[in-house]
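Colleague: Here it is, the structure, as structure tokens.
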Amino acid sequence: MKVEPISNGNLRIWLSQEEVDKQGREGDAWLCLRQVLQTAQSRLSRLGKHILAELIPVAGGWVLLLSARRNLPAVGPTVYRIADVGTLYRLAERWALVDAPTTVHTCLYETDDGYDLAVYPTPRLDRRLAALLRGVGTVIGRGEAAVACAAEHGRLLAAGDALGKLVLTEREPCPPELSGRES
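In the numbering used here, the protein residues as written are 1 to 183.
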């Protein structure tokens with residue numbers, strides 16, 4: 001096991017697969033994690049009371065990244081599942097009518113189960129917009145991992161102001177469909 005500081009003050013801990021396997025035979029994953037954290041204890045005090053731990057597989061083992069929670073945004077994104085396109089358009093129309101004091105970044109993904117809408121409130125979501133979302137959508141996850149999952153399993157339709165773009169798209173005239181024959 002090798003513990004090293006990263007330039008941003010966080011810690012990177014390298015674990016070989018052999019070390020992880022050895023701990024797995026002697027106990028469970030929590031005991032392994034406890035031993036790793038005890039080894040890094042002297043350096044952890046610099047990070048503060050609340051620490052985020054990310055375990056990432058790499059060739060030949062694992063990397064454990066430890067960072068202070070203060071480095072993370074206070075409010076993260078939330079992903080809502082919208083069941084069908086009709087509900088999505090109704091949400092977009094109502095969303096446009098709300099005069100919210102802050103900008104809300106949204107990304108829209110199409111999935112087999114409907115539509116996933118990632119909402120990034122800055123700094124917090126207006127209560128009227130939150131009520132709209134609760135009324136038509138179901139929370140399926142919070143945080144960047146939930147957004148990454150939506151992006152991985154869905155097809156990006158719009159980013160930035162996804163609901164605003166949806167309202168504009170709906171109102172634009174569509175060209176007539178051409179048949180296979182020319183007249």
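Glycine included, each C-beta is placed from N, C-alpha and C at the ideal position.
Enumerate, from N- to C-terminal direction, the unbroken alpha helix (DSSP H) stretches of 4 or more residues contained entirely within the region 67–154.
Modeller: The qualifying runs are 85–97, 127–136 and 144–153.
Colleague: Only counting the same chain, and skipping five residues up and downstream in sequence, which positions put a Cβ closer than 6 angstroms to that of Leu88?
Modeller: Closer than 6 angstroms at the Cβ level, and outside the excluded window around Leu88, lie Ile82 and Tyr115.
Colleague: Out of curiosity, what's the CA-to-CA distance linking Asp84 and Gly76?
Modeller: The alpha-carbon atoms of Asp84 and Gly76 are separated by roughly 25 angstroms.
Colleague: Tell me which residue opens and which closes the beta strand (DSSP E) that Ala53 is part of.
Modeller: Its beta strand (DSSP E) spans residues Ile51 to Val58.
Colleague: Give the range of the beta strand (DSSP E) segment to which Ile13 is assigned.
Modeller: Counting along the chain, the beta strand (DSSP E) containing Ile13 begins and ends at Leu11 to Ser16.
Colleague: Report all residues from its chain with a CB closer than 6 angstroms to the CB of Ile140; omit the five preceding and five following residues, and keep chain order.
Modeller: Contacts found: Val79 and Arg81.
Colleague: Less than 8 angstroms between the C-beta atoms of Leu108 and Ala158, yes or no?
Modeller: Yes; because the gap between Cβ atoms is below 8 angstroms, this pair is in contact.
Colleague: Applying the 10 Å Cβ sphere with the 16-neighbour rule, what's the burial state of Ala118?
Modeller: Buried, by the Cβ-count rule.
Colleague: Quick check: what's the CA-CA separation for Leu66 versus Lys2?
Modeller: Taking the straight line joining both Cα atoms gives about 13 angstroms.
Colleague: Does the beta-carbon of Pro73 have 16 or more other beta-carbons within 10 angstroms, so that it is buried, or is it exposed?
Modeller: Caution applies to Pro73, whose pLDDT of 47 falls short of 50 and renders its modelled position unreliable; the value that the coordinates give is listed next. The residue in question, Pro73, is exposed, as its Cβ has fewer than 16 Cβ neighbours within 10 Å.
Colleague: Going by C-alpha to C-alpha distance, which of Gln38, Arg12, Trp62 and Ala53 sits closest to Gly20?
Modeller: Checking the sequence, you will find Val at residue 20 rather than Gly. For Val20, the nearest C-alpha among the options comes from Trp62.
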